[in-house]
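**Q**
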Amino acid sequence: LTVGVVRESRAGETRVALVPKLVERLTGRGLRIVVESGAGAAARLADEDFERAGARIGDAWATDVVLKVAPPTEVEITRLARGTVLIGFLAPLSDVDGVRALREAGVTAFAMESVPRISRAQAMDALSSQSGVAGYRATLLAARRLPRFFPMLTTAAGTVPPAKVLVLGAGVAGLQALATAKRLGAQATGYDVRPEVAEQVRSVGAQWLDLGIEAVGEGGYARELTAEERAEQQRRLTEAITGFDVVITTALVPGRRAPTLVTEEAVRGMRAGSVVVDLAGESGGNCALTQPGAEVVAHDVTICAPLNLPAEMPVHASELYARNLTELLELLVDAEGRLALDFSDEIVAGACVAGAPEAERAEVD
Ligand code: NAD
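Residue numbers (full-length UniProt numbering): 7 to 371.
(1) Considering just the uninterrupted stretch of the alpha helix (DSSP H) at residue 277, what are its terminal residues?
(2) Just the Cα atoms here: how many angstroms apart are residue 158 and residue 188?
(3) May I ask which residues mark the beginning and end of the beta strand (DSSP E) holding residue 284?
(4) Going by Cα to Cα distance, which pick from 151, 140, 59, 180 is closest to residue 31?
(5) Any chance you could list the alpha helix (DSSP H) runs of at least 4 consecutive residues sitting entirely within the region 233–318, in chain order?
(6) Should residue 75 be counted as a contact of the ligand NAD given a C-beta to heavy atom distance under 7 Å?
(7) Could you check how far apart the C-beta atoms of residue 19 and residue 75 are, in whole angstroms? I think they sit under 8 Å.
(8) Indicate whether residue 310 and residue 154 have their beta-carbon atoms separated by less than 8 Å.
(9) Tell me the rounded alpha-carbon separation between residue 205 and residue 219.
(10) In three-state terms, what does DSSP make of residue 84?
(11) To the nearest angstrom, report how far apart residue 44 and residue 27 are at their CA atoms.
(12) Closest by CA to residue 308, which one among 327, 281, 33, 69?
(13) Is residue 4 near the ligand NAD - that is, is its Cβ less than 7 Å away from at least one heavy atom of it?
(14) Since residue 41 is in the beta strand (DSSP E), which residue starts that stretch and which ends it?
(15) Within its chain, find whatever has a CB closer than 6 Å to the CB of residue 221; leave out the 5 residues flanking it on each side and keep chain order.
(16) Suppose you measure from the CA of residue 135 to the CA of residue 96; what does that come to, to the nearest Å?
(17) List the whole-angstrom C-beta distance separating residue 217 from residue 236, where the pair is believed to meet the contact cut-off of C-beta under 8 Å.
(18) Quick one: any contact between the region 268–287 and the region 243–255, if contact means 3 or more CB pairs under 8 Å?
(19) Do residue 112 and residue 71 have their C-beta atoms within less than 8 Å of each other?
(20) State whether the region 316–324 contacts the region 138–145, with contact taken as three or more CB pairs (one from each stretch) at a distance under 8 Å.
(21) Report back the beta-carbon spacing between residue 118 and residue 89 to the nearest angstrom; my notes put them in contact at under 8 Å.
(22) What three-state label does DSSP hand residue 93 in the structure shown?
(23) In the DSSP assignment, what residue or residues form a beta bridge with residue 128?
(24) Going by DSSP, name the residue or residues bridged to residue 228.
(25) Going by the C-beta, is residue 193 closer than 7 Å to any heavy atom of the ligand NAD?
(26) Check whether the region 170–183 touches the region 344–360, counting contact only when three or more Cβ pairs, one atom from each stretch, lie closer than 8 Å.
(27) Taking just the CA atoms, how far does residue 259 sit from residue 64?
(28) By DSSP, does residue 152 sit in helix, in strand, or in coil?
(29) Name the residue from 16, 84, 36 whose alpha carbon lies nearest to the alpha carbon of residue 345.
(30) Would you decide whether residue 306 is buried or exposed? Buried here means 16 or more other CB atoms lie within 10 Å of its CB.
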C-alpha cells in the first residue's frame with residue numbers, strides 16, 4: 007500500500023500530515039511512504055529528513071492513501087484518482103460542497119473532525135491536539151497585544167498587579183488558554199455552560215465564573231441556548247467582562263454558528279487597551295465585533311480573530327497531528343499492511359464522510 011504525504015497549498019497552512027518519526031513506524035508496518043517534495047518545509051522538515059526515515063520523494067497524489075492537513079481545494083480534488091483514500095481535516099459540517107465533490111470524485115474520505123470522541127479514539131483526536139495548540143497560542147497573542155504585564159511584579163519602581171484573564175468556553179482550547187495564562191502569572195478565570203467543567207478549570211489553577219446558566223447537550227458538548235438564555239447570558243457576561251484585561255473566547259456548538267458571548271456593549275465596558283482573542287472566528291465568532299481572520303480596534307479594545315493558530319506553531323502541531331492521523335491509518339490497514347476498511351468499527355464508520363458506506367446506502371435506497 008502506498009501512502010502519500012502532500013504539500014499543503016492553502017494560504018497560511020504550514021503544517022504537514024506526517025513527520026519522519028512516524029514514517030519509520032508506518033514503513034515498519036509494510037506501508038510505502040511517498041512524500042511530495044517540500045511537504046514538510048514550512049514545518050522545518052527537509053525532504054532528506056523524510057528520506058532518511060524511509061520515505062521516497064515523489065508524486066504523493068498518485069498513491070493509495072493520501073494524507074493531508076487542511077481540506078483539499080477544488081484543484082487538489084482533481085488530483086485524486088477514483089478509489090483513493092483521503093485522510094485529513096475535511097470540515098464535514100461546514101464544507102458540504104467539498105465533501106460532495108470528494109464523493110463525486112470517487113474518493114473514500116475520512117475526516118479527522120468526525121472521529122468519534124470515545125476513549126478508544128483518544129489518540130486519534132486531532133480536534134483536541136490542535137485545539138490545545140490554539141489555546142496556548144491564543145494566550146500568547148493576548149499577552150503580546152496587551153499593553154500591560156501578565157504577571158504580578160514587585161520592583162523598586164513599583165508594584166504591578168497581575169493581568170486578569172477571562173476564558174469563555176472551557177473545552178480543550180479554553181483549558182489550555184487558562185493553563186497558559188496561569189503559567190504567565192495572570193489571574194485566570196474560566197466560564198462555560200457545562201457545569202462539570204468547573205473542576206477542570208480549578209485543576210489548572212484558575213477560578214470558575216458561575217453565571218447560573220447550564221446548557222449540556224449531546225455527546226459531552228454544549229447545546230445551543232434558547233433566545234431568553236442567550237439574552238440573560240449576554241447581560242450577565244457584559245457585567246462580568248468589565249473587570250478583565252483579556253477575554254479569550256472559544257465557545258462552539260458543533261454544526262452551529264458560534265454563540266455571541268461578548269456584545270459591543272461589553273467591549274465598550276472594557277478598560278482601554280484591553281484585548282479580546284476570539285478563537286471561534288471560523289464559525290462566525292463569539293464577539294459581536296469580530297472580523298474573522300483580522301485584528302480590529304474598537305472602543306480602544308483590540309479584537310483578534312486568528313483563523314489558524316496551530317499553523318503558527320507547525321513543528322509541534324504537525325507532530326501531534328501526525329500521531330493522531332497515524333493511529334487512524336493503522337486502524338484502516340491489516341497486519342500485512344493492506345487496506346482493510348471495517349465499517350462495522352464505529353471509529354471507521356464515524357470518520358468516513360465519503361466512500362463505501364454512502365455508496366452501499368445509496369444502493370439500498
Ligand atoms: P468545543 O470546541 O465544541 O467547544 C468549546 C467549549 O465551548 C465547550 O466547552 C462548550 O461547552 C463551550 N460552549 C459552547 N457554547 C457555549 C456558550 N453559549 N457559553 C459558554 N460556553 C459555551 O468543545 P471541545 O473543546 O472540543 O470539547 C467538548 C467536549 O468534548 C468536552 O466535554 C471534552 O471533555 C470532550 N472531549 C472528549 C474527548 C474524548 O473523550 N476523546 C476528547 C476531547 C474532548
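Here a beta-carbon is modelled for each residue, glycine too, at the ideal position from N, C-alpha and C.
**A** Reading off the structure:
(1) Counted from its first residue, the sequence shown places residue 277 at position 271. From DSSP, residue 277 is part of no alpha helix (DSSP H); its letter is neither H nor E.
(2) Locating residue 158 in the sequence shown gives position 152, counting from the first residue. Locating residue 188 in the sequence shown gives position 182, counting from the first residue. If I take the Cα positions, the gap works out to 11 Å.
(3) Counting from 1 along the sequence shown, the entry for residue 284 is found at position 278. 281–284 is the extent of the beta strand (DSSP E) around residue 284.
(4) Residue numbering aside, residue 31 sits at position 25 when the sequence shown is read from its first letter. The shortest C-alpha separation from residue 31 is found at 59.
(5) 233–247, 270–275
(6) Here residue 75 is taken as the residue at index 69 of the sequence shown, counted from 1. Not under cutoff, so the answer is no.
(7) Within the sequence shown, the letter at position 13 stands for residue 19. Within the sequence shown, the letter at position 69 stands for residue 75. Yes, residue 19 and residue 75 are in contact; Cβ-Cβ is about 6 Å, under 8 Å.
(8) Residue 310 sits at position 304 when you count from the first residue of the sequence shown. Residue 154 sits at position 148 when you count from the first residue of the sequence shown. The answer is no: Cβ separation not under 8 Å.
(9) Along the sequence shown, read from residue 1 onward, the residue named residue 205 stands at position 199. Along the sequence shown, read from residue 1 onward, the residue named residue 219 stands at position 213. Their backbone Cα atoms lie some 16 Å apart in a straight line.
(10) The residue given as residue 84 occupies position 78 in the sequence shown. In the structure shown, residue 84 sits in a helix (DSSP, three-state: H, G or I).
(11) Along the sequence shown, read from residue 1 onward, the residue named residue 44 stands at position 38. Along the sequence shown, read from residue 1 onward, the residue named residue 27 stands at position 21. For residue 44 and residue 27, the distance between alpha carbons rounds to 17 Å.
(12) Looking up residue 308 in the sequence shown gives position 302. Looking at the Cα atoms, 281 is the closest of the given residues.
(13) There is simply no residue 4 to check, as the chain begins at 7 and stops at 371 in what is shown.
(14) Here residue 41 refers to the residue found at position 35 when the sequence shown is read from its first residue. First-last of the beta strand (DSSP E) with residue 41: 38–41.
(15) As a position in the sequence shown, residue 221 is number 215, starting the count at 1. 199, 228, 229, 231.
(16) Along the sequence shown, read from residue 1 onward, the residue named residue 135 stands at position 129. Along the sequence shown, read from residue 1 onward, the residue named residue 96 stands at position 90. Taking the straight line joining both Cα atoms gives about 16 Å.
(17) Along the sequence shown, read from residue 1 onward, the residue named residue 217 stands at position 211. Along the sequence shown, read from residue 1 onward, the residue named residue 236 stands at position 230. Rounded, the Cβ-Cβ distance is 12 Å, inconsistent with contact.
(18) yes
(19) Counted from its first residue, the sequence shown places residue 112 at position 106. Counted from its first residue, the sequence shown places residue 71 at position 65. Cβ atoms of residue 112 and residue 71: not closer than 8 Å.
(20) yes
(21) In the sequence shown, the residue the question calls residue 118 occupies position 112. In the sequence shown, the residue the question calls residue 89 occupies position 83. So it is not a contact: roughly 21 Å between Cβ atoms.
(22) Stepping through the sequence shown from its first residue, residue 93 is reached at position 87. Reduced to three states, the DSSP call for residue 93 is strand.
(23) Indexing the sequence shown from 1 puts residue 128 at position 122. DSSP lists no partner for residue 128.
(24) As a first step, residue 228 must be located in the sequence shown, where it is residue number 222. Answer is 222.
(25) As a first step, residue 193 is located in the sequence shown; it is residue number 187 there, counting from the start. Result no, Cβ not under 7 Å from the ligand NAD.
(26) no
(27) Position 58 of the sequence shown, counting from 1, holds the residue named residue 64. Position 253 of the sequence shown, counting from 1, holds the residue named residue 259. Their backbone Cα atoms lie some 41 Å apart in a straight line.
(28) The sequence position of residue 152 within the sequence shown is 146, counting from 1. Reduced to three states, the DSSP call for residue 152 is coil.
(29) The count along the sequence shown starts at 1 and reaches residue 345 at position 339. Out of 16, 84, 36, 36 has the C-alpha closest to the C-alpha of residue 345.
(30) Taking the first residue of the sequence shown as 1, we reach residue 306 at position 300. It counts as exposed.
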